[in-house]
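In order, the protein sequence lines correspond to chains Z and B. Whatever position you read off the first sequence (first residue = 1), add 89 for this note's numbering. Whatever position you read off the second sequence (first residue = 1), add 89 for this note's numbering. Taking it in order: structure first as structure tokens, then the write-up.
There are 2 protein chains.
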Amino acid sequence: MNRNDLISLRKEAENHLVNELLPFWTSRMIDSVNGGYITHFDSNGNDSGEDEKSLIAQARCLYTMSSAHRAGYGNGKYADLARHGADFMIDRMWDREFGGFYWMMDRKGNVKIDQKIVYGLSFAIYSMSEYTLATGDPRGREYAEKVFDLLQKYSADTMYGGYWEMFHRDWTLCGPGSMGGDRKTLDVHMHLMEAYTTLYECTGQEVHRRKLLEDIDLLINRIIHPVYKTGIPQFYKDWTVAPQIKFDIIWGWDRFSPDGLKGNATDNTAYGHNAEFAWLLIHALEILQIDKNNYSELIRIVFDHTVNNGIDYEFGGVFVEGPHSGGVYDMEKEFWQQAEVLIGMLDAALMFGDEKYFEAYRNVHRFVIDKMVNKGVGEWWPLMSRQGVPIWTHMSHSWKINYHTVRAMVQSIERMNKLIDKNISV
Amino acid sequence: MNRNDLISLRKEAENHLVNELLPFWTSRMIDSVNGGYITHFDSNGNDSGEDEKSLIAQARCLYTMSSAHRAGYGNGKYADLARHGADFMIDRMWDREFGGFYWMMDRKGNVKIDQKIVYGLSFAIYSMSEYTLATGDPRGREYAEKVFDLLQKYSADTMYGGYWEMFHRDWTLCGPGSMGGDRKTLDVHMHLMEAYTTLYECTGQEVHRRKLLEDIDLLINRIIHPVYKTGIPQFYKDWTVAPQIKFDIIWGWDRFSPDGLKGNATDNTAYGHNAEFAWLLIHALEILQIDKNNYSELIRIVFDHTVNNGIDYEFGGVFVEGPHSGGVYDMEKEFWQQAEVLIGMLDAALMFGDEKYFEAYRNVHRFVIDKMVNKGVGEWWPLMSRQGVPIWTHMSHSWKINYHTVRAMVQSIERMNKLIDKNISV
């Protein structure tokens, strides 16, 4: 890692963050009529009009504004934008009868889908905790703790461990199969680690620490592959691997065939998830003040799987997914996987000092800056061909918002600063 | 089962309950100075003066009075006595800062031990639910639900399933070993089944049903012996069998050597526990409206283990404990084991119609009425030699109260009525 290269890459990331990405959002996200955030934009960044405000998108915008303020950007402006979103979530999205945030509202704040979905609620904990850490507004902590308490009461599985994930409005469990009531996922348990880390950072409470440690145990001992340490997407309640299916309530745009099935449904891992898991684990250990070197062998295996299988050394960027034992099924390029691998590769470089991780970072950084950023608009294309031609072209919708993109830049800049400070030159 | 025998045994049980057992308590249990119940009596039934009011003893007295009222005894008097105890628990034993009932008070209602012990809290749920079912006072349900919610938040183990059992006042987990913070027990998980059954009967809430079903799954798949279906007393957090040790906070008077160890610490099962587990399971299934015949093979194995190993066909009554595979280590007679086997054997007779269960009931009934009842005083001797000579002689203390004895009579009478109604004659 050449110091000048690091400084140059950091400058590119800062420029993208401060002059493209954040302005894209701050100039158009505020719904000054109905409150909350507008979250649907087309390829030109124009409001594409979908009448929905999803829990994920509102919470992720709240996280983005809070974290950008906390990281020192915006001169206080982002704190105001965060408060605007927190007001809407608390005043309009909170279920005062049964507790918890609704899954989907219309723009005016009427409930469209009243289910309680743990994936979304994990982002409520994450964003509300980050909001209090950033601004000191105690409401964030209050609502993060309320959601945490509800998850312990209704969602924890006291037989097999882990969390049930899909509930009706009154917290009765959803049915099986595509209704999701009999499944457990990597997605939810990984994002709970992310959420509990920031909740514990915010509160210092022993119970938040304990549940974070238990979730880390679940991820390491139940959810990642016993040999390859790669993430397994879906399980039955007793942690036997379940074929990956499409749920009725979706929280991302994973690709399935029209009948909701997936090729290689039981041997499938996403590089972005794996890198995200590893860097979120490192971050959790830092907040917990546990020596991350205790987990270094595991972390190295995960990062090496991404480096050896996920990076496209020909066209740049990160592939979508492949088998646990290595190889690639899907060579297209999803925005969020690029984002998470950026942070992960810098963490790997910091932890192990190996040039190959930095080269992987540089590869993905170049693909993002050169191809994935929608030039003149500022956000990233959601899905590109292997070569870098846009396939999907919206800039934002309920499942594609600013959380991955802004966080990747904020966190990568922070890590590059550490690398520059350490003056590591392998 | 001869109908006249049944009628005669029922009459003995009714006489003991109505003319000996209940009067023993109602004539001396009320602390009219400090509130709550006096729970320490010597062999003559005189107040033995120990300055303590334990969560277990207060909750068990509340249960006893509530259940006797609900079963139709006392013409309303027991409801008043129950309210007297509920007032003390709610007004003096509830921790207004951290939530939960304290473990031990003095008679005046000052806190002596402020820990949160799940064994005791399970009886708080059980008794408060029974109190509302018996009297309609909504405070019982309110506090039962509060404790349930606290257990889900602080006590459930989201990694291995089940519940952590020993906490400091602020719900931080106790240390390992004799502090109990790294162990899980049959006792707690069985009494949670009992508690959740009555809570669900009281509230009808889906989450109470769900956690009851999960606890039943734990008992069947983690806690009872995989071959013999007998209860295993203690486990480590991951459900590997732990050698049975004495905890710093005790909730019963199990016998250990002075150094807190037990002979045969890893191969030890108590007949009273096993019969209690089986009849509490049958009761839970009835409240859940699940066909108990789905579990008939399991239930029969458990009852047969008691019939074949636990009953003393020479001197009468039930032994203390023995190995899982059969045989006896300890031939003394503990009061609570007699009580639970009485109910269990009648349930077995009702479910399977086999004369051997009724004969086992008759055997234990005779031992209790003829030897264990302290004649002229009314309560049972706590521990007797195999032949029926008292070893311990107190009538009550914090761990020996009216819950087992009164419940055994109330529940046995109810079951004998069913047998008489069915007019079963094998």
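By construction, the Cβ of each residue, glycine as well, lies at the ideal position given by its N, Cα and C atoms. Source: prediction; values computed, not measured.
At least one C-beta of chain B is nearer than 8 Å to the C-beta of residue 248/Z. Within the segment 343-388 of chain Z, the runs of alpha helix (DSSP H) at least 4 residues long that lie entirely inside it are, in chain order, 360-377. The continuous alpha helix (DSSP H) containing residue 159/B extends over residues 144-159. Inter-residue distance for residue 264/B and residue 204/B is about 13 Å (C-alpha atoms, whole angstroms). Judged by DSSP in its simplified three-state form, residue 253/Z adopts coil rather than helix or strand. Check the Cα spacing between residue 301/B and each of 330/B, 232/B, 325/B, 372/B: the tightest is with 372/B. By the C-beta density criterion, residue 436/B is buried, having at least 16 other C-beta atoms within 10 angstroms. Taking C-beta atoms as the reference points, residue 408/B and residue 391/B fail to come closer than 8 Å. Secondary structure in the segment 445-503 of chain Z: the beta strand (DSSP E) runs of 3 residues or longer, each lying completely within the stretch, are 479-481 in chain order.
Straight-line measurement puts the Cα of residue 363/Z at about 15 Å from the Cα of residue 385/Z. Under the 8 Å criterion on CB atoms, residue 231/B is classed as non-interfacial with respect to chain Z. Taking 8 Å as the cut-off, the beta carbon of residue 118/B is found closer than this to the beta carbon of residue 150/B.
Only residues of its own chain outside the window of five on either side were considered, and among them 102, 105, 106, 110 have a CB closer than 7 Å to the CB of residue 498/Z, listed in chain order. Looking at the backbone, the Cα of residue 476/Z and that of residue 470/Z are separated by about 13 Å. Contact between the segment 275-292 of chain B and the segment 327-340 of chain Z is absent, with fewer than three C-beta pairs closer than 8 Å.
Where residue 277/B is concerned, the enclosing alpha helix (DSSP H) starts and stops at 275-292. Residue nearest to residue 357/Z within the set 225/Z, 350/Z, 333/Z is 333/Z (criterion: CA-CA distance). The Cβ-Cβ distance between residue 473/Z and residue 429/Z does not fall below 8 Å.
Under the Cβ criterion of 8 Å, residue 185/Z is not counted among the residues facing chain B. By the rule that beta-carbons nearer than 8 Å mark a contact, residue 374/B does not touch chain Z. By the Cβ-count criterion, residue 299/B is buried, with 16 or more other Cβ atoms from all chains shown falling within 10 Å of its own Cβ. When DSSP states are grouped into helix, strand and coil, residue 403/B belongs to the coil group. Residue 310/B and residue 246/Z have their C-alpha atoms roughly 15 Å apart. Residue state for residue 331/B is assigned as coil, using DSSP reduced to three classes.
Looking at the backbone, the Cα of residue 495/B and that of residue 510/B are separated by about 23 Å. In the structure shown, the three-state DSSP call for residue 298/B is helix.
Here residue 442/Z carries a coil assignment [DSSP, helix/strand/coil].
In the same chain as residue 427/Z, and ignoring 5 residues on each side of it, the C-beta atoms closer than 7 Å to its own belong to 406, 407, 453, 456, 457, 461, in chain order. The C-alpha of residue 141/B lies about 38 Å from the C-alpha of residue 396/B.
Taking the Cα positions, residue 254/Z is about 7 Å away from residue 273/Z.
Between residue 245/Z and chain B, the shortest Cβ-Cβ separation is below 8 Å. Nearest CB-CB separation between residue 296/Z and chain B: below the 8 Å threshold. Of the other Cβ atoms in all chains shown, 16 or more fall within 10 Å of the Cβ of residue 262/B; this residue is therefore buried.
Selection 137/B, 122/B, 324/B evaluated against residue 266/B yields 324/B as nearest (Cα-Cα). With respect to chain B, the C-beta atom of residue 139/Z has no partner C-beta closer than 8 Å.
Cβ contact annotation for residue 154/Z (same chain, cutoff 7 Å, sequence separation greater than five): 167, 170, 171, 174, in chain order.
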